[in-house]
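Here the protein sequences line up with chains U and H, keeping their order. Residue numbers 0 to 252, in numbering that gives the first Met the number 0, belong to the letters of the first sequence in order. Residue numbers 0 to 248, in numbering that gives the first Met the number 0, belong to the letters of the second sequence in order. All C-beta atoms in this analysis are idealised placements derived from N, C-alpha and C, irrespective of residue type, glycine included.
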Amino acid sequence: MSALASLPTRRDEAWRYADLGALEGVWPDIAGQREEIVVADGENAARQLILEAGDPNVAVKTYAVRVAKDARFALHCLAIDADYGRISVEVELAEGAHFELGGAILGGGEQTLEIVTNVQHVAPGGTSNQVVRSVLAGKATGSFLGKIGVARGAQQTDANQSVKAMLLDRTATANAKPELEIFADDVKCAHGATVGELDRGALFYMASRGIPPKQAKQLMLRAFIADAFVSVADDAAREELENKALIALERLS
Amino acid sequence: MLKIENLHAEVGGAEILKGLSLEIGAGEIHAVMGPNGAGKSTLAYVLGGRDGYEVTQGSATYRAKDLLSIDPHERAAAGLFLGFQYPVEIPGVSNIQFLRAAVNAQRIARGDDELSAGDFLKLAREQAAALKMDAEMLKRAVNVGFSGGEKKRNEMVQMGIIDPTLAILDETDSGLDIDALRTVGEGVNTIMRKPDKGVLLITHYQRLLETVEPDYVHVLADGRIVKTGGPELAVTLEEEGYEAIAEAA
Chain U
0 MSALASLPTR RDEAWRYADL GALEGVWPDI AGQREEIVVA DGENAARQLI LEAGDPNVAV
60 KTYAVRVAKD ARFALHCLAI DADYGRISVE VELAEGAHFE LGGAILGGGE QTLEIVTNVQ
120 HVAPGGTSNQ VVRSVLAGKA TGSFLGKIGV ARGAQQTDAN QSVKAMLLDR TATANAKPEL
180 EIFADDVKCA HGATVGELDR GALFYMASRG IPPKQAKQLM LRAFIADAFV SVADDAAREE
240 LENKALIALE RLS
Chain H
0 MLKIENLHAE VGGAEILKGL SLEIGAGEIH AVMGPNGAGK STLAYVLGGR DGYEVTQGSA
60 TYRAKDLLSI DPHERAAAGL FLGFQYPVEI PGVSNIQFLR AAVNAQRIAR GDDELSAGDF
120 LKLAREQAAA LKMDAEMLKR AVNVGFSGGE KKRNEMVQMG IIDPTLAILD ETDSGLDIDA
180 LRTVGEGVNT IMRKPDKGVL LITHYQRLLE TVEPDYVHVL ADGRIVKTGG PELAVTLEEE
240 GYEAIAEAA
């Protein structure tokens, strides 16, 4: 896929929830910025990304990843600091290759944050697992657009998506858009998406034990997003992601 | 220590408590019995401060403090413990994490130092052992995948760890087998049968009262206490049913 020359519009599926106004200010500079990653046969590669915006407060990060035979690529990312933030990943999985995504979108105010993935299983036996957790407050919008393609002949593909969003205010918006395109007949593709609110019963239960409301929320939100980072192999990296996430959660609740 | 006067409360616009009065002194265990829909759980939730349970009239004073004017977590810090009929599951938050947060939040609110991780763990293990709960369950997410009996036992372990002054136990005995019932009953005695503590035990059945002998038994019907007596009243209720007693009153 080549970088778009002109500003995307709402008609572009992959940009339908984007903050196009914010994008205008940085276009086309960011359009060409893609990080290409090739993971060679049998290799193991991992990236962690904490999306940071400058001035203007817009951040778009795009990865194009080729994972070769029996190789493995893991991306763990946090979309927190940007008026408009977008993490986009295109992955091509060769035979027996694996892609792991763990992402958290934590936004408030008028933020628009999104994670967009396009995972192409082009050969047999590839696996992918994507876990995204969003916590949204105020008038924030958090979106996950996850496309999975299974090519003809990519049998025994096993692809998973788990997407959960928690709305702290009724004014916040969560979008979850799984998209499956399957041309093989012996594959497993599972996706689940939920949007919910904090369990009031649990909050009262915690209060009845003496835990103040803010702390109770923090405990629950922390547990909620933990799923996104359990698969980080490096302890220090996981800790950094979790600490940044905690700070963001504190700001939101 | 707890004085409830002419308490009226609504849930979703319907009046459930209709002028309930009750007084619990230090060192006393009171049982409240009554038919389904009498307002027993509403009483527990109103005292605990749950959203949606609106007090329209009357008062509840706990150790000279207006209980109804403070938030649920402040009530807990003041020494009130609410045992749930249906303990809530909290996925992803371990029992240990939850209880340590609770104990330390209460200590901070009272101006005490926080318990260290080591001291807390020791306390939690002691209480789990006293209530015959496998210490491994302390590591599991709060009530997630616990059986009905395990949840109730976990409530008692929590009560032991928190060590409240006043416990309001809402049908802590329902869903328990005979052995678990005895363990829970003995737990209530060990933790709460003390001169400076009080218990409000809400129950349907007389069975728990064989282990936890109440000083007073109240019959709650249609949002009011209609009869008060000693432990023998529970036996009469078991024999004659609520209806006869409520009608005679």
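Check	Outcome
Span of the alpha helix (DSSP H), counted from its first residue to its last, around residue 114 of chain H	Counting along the chain, residue 114 of chain H falls outside any alpha helix (DSSP H), and DSSP gives it neither H nor E.
Under 8 Å by beta carbon: chain U residues contacting residue 81 of chain H	207
Buried/exposed call for residue 10 of chain U, threshold 16 Cβ in 10 Å	exposed
Residue nearest to residue 157 of chain U in terms of C-alpha spacing, selected from U:109, U:220 and U:93	U:93
CB contact flag (residue 122 of chain U, residue 162 of chain U, <7 Å)	no
Rounded C-alpha distance that separates residue 34 of chain U from residue 62 of chain U	5 Å
Element boundaries [beta strand (DSSP E), containing residue 163 of chain U]	157–166
Residues that residue 98 of chain U bridges to, as DSSP identifies them	U:72 and U:127
Cβ of residue 126 of chain H within 7 Å of any chain U Cβ	no
Chain H contact for residue 222 of chain U (CB, 7 Å cutoff)	yes
Supposed close pair residue 137 of chain H, residue 103 of chain H - CB separation, criterion 8 Å	The pair is not a contact, with the Cβ atoms about 16 Å apart (cut-off 8 Å).
Where residue 32 of chain U falls, given that 16 or more other Cβ within 10 Å makes a residue buried	exposed
Min CB distance residue 225 of chain U to chain H below 7 Å	yes
Residue-level contact to chain H via CB, residue 123 of chain U, 7 Å cutoff	no
As assigned by DSSP and simplified to three states, the class of residue 3 of chain H	strand
Cβ pair residue 132 of chain U, residue 113 of chain U closer than 7 Å	no
Beta-carbon proximity of residue 184 of chain H to residue 27 of chain H, cut-off 7 Å	no
Rounded straight-line distance, which links the Cα of residue 51 of chain H to that of residue 12 of chain H	9 Å
For residue 243 of chain U and residue 118 of chain H, the rounded distance between their alpha carbons	29 Å
Chain-ordered neighbours of residue 27 of chain U on chain H, where CB pairs are closer than 8 Å	Per Cβ cutoff of 8 Å: no residues; residue 27 of chain U is ~42 Å from chain H at best.
C-alpha distance - residue 1 of chain U paired with residue 164 of chain U, whole-angstrom precision	In this prediction, residue 1 of chain U has a pLDDT of 44, which is less than 50 and means its spatial position is unreliable; what the coordinates show is noted afterwards. Rounded to whole angstroms, residue 1 of chain U to residue 164 of chain U spans 31 Å at the Cα level.
Cβ shell of residue 194 of chain H (< 7 Å), same chain only, five flanking positions each side left out	25 and 26
Residues near residue 107 of chain U by beta carbon distance below 7 Å, same chain, minus five either side	136, 137, 139, 250 and 251
Cβ of residue 210 of chain U within 7 Å of any chain H Cβ	yes
For residue 2 of chain U, three-class secondary structure by DSSP	A caution first: residue 2 of chain U carries a pLDDT of 49, below 50, which makes its placement in the model unreliable, though a value can still be read off. Coil at residue 2 of chain U, not helix or strand.
Residue 78 of chain H vs residue 165 of chain H beta-carbon contact at 7 Å	yes
Alpha helix (DSSP H) segment containing residue 73 of chain H, residue limits	71–76
Contacts of residue 228 of chain U in chain H (Cβ-Cβ under 9 Å)	Near residue 228 of chain U there are no residues of chain H at all, since even the closest Cβ is about 12 Å away, more than 9 Å.
Where residue 224 of chain H falls, given that 16 or more other Cβ within 10 Å makes a residue buried	buried
Which of helix, strand or coil DSSP assigns to residue 47 of chain U	strand
Given residue 91 of chain H as reference, the closest of U:230, U:226, U:245 and U:239 once Cα atoms are compared	U:226
Proximity test, Cβ basis, 7 Å: residue 1 of chain U and chain H	The predicted position of residue 1 of chain U is uncertain, since its pLDDT is 44 and thus under 50; no value can be drawn from it.
Backbone CA spacing between residue 51 of chain U and residue 245 of chain U [nearest angstrom]	16 Å
Exposed unless 16 or more other CB atoms sit within 10 angstroms - verdict on residue 203 of chain U	buried
When U:159, U:206 and U:74 are compared against residue 186 of chain U, the one with the closest alpha-carbon	U:159
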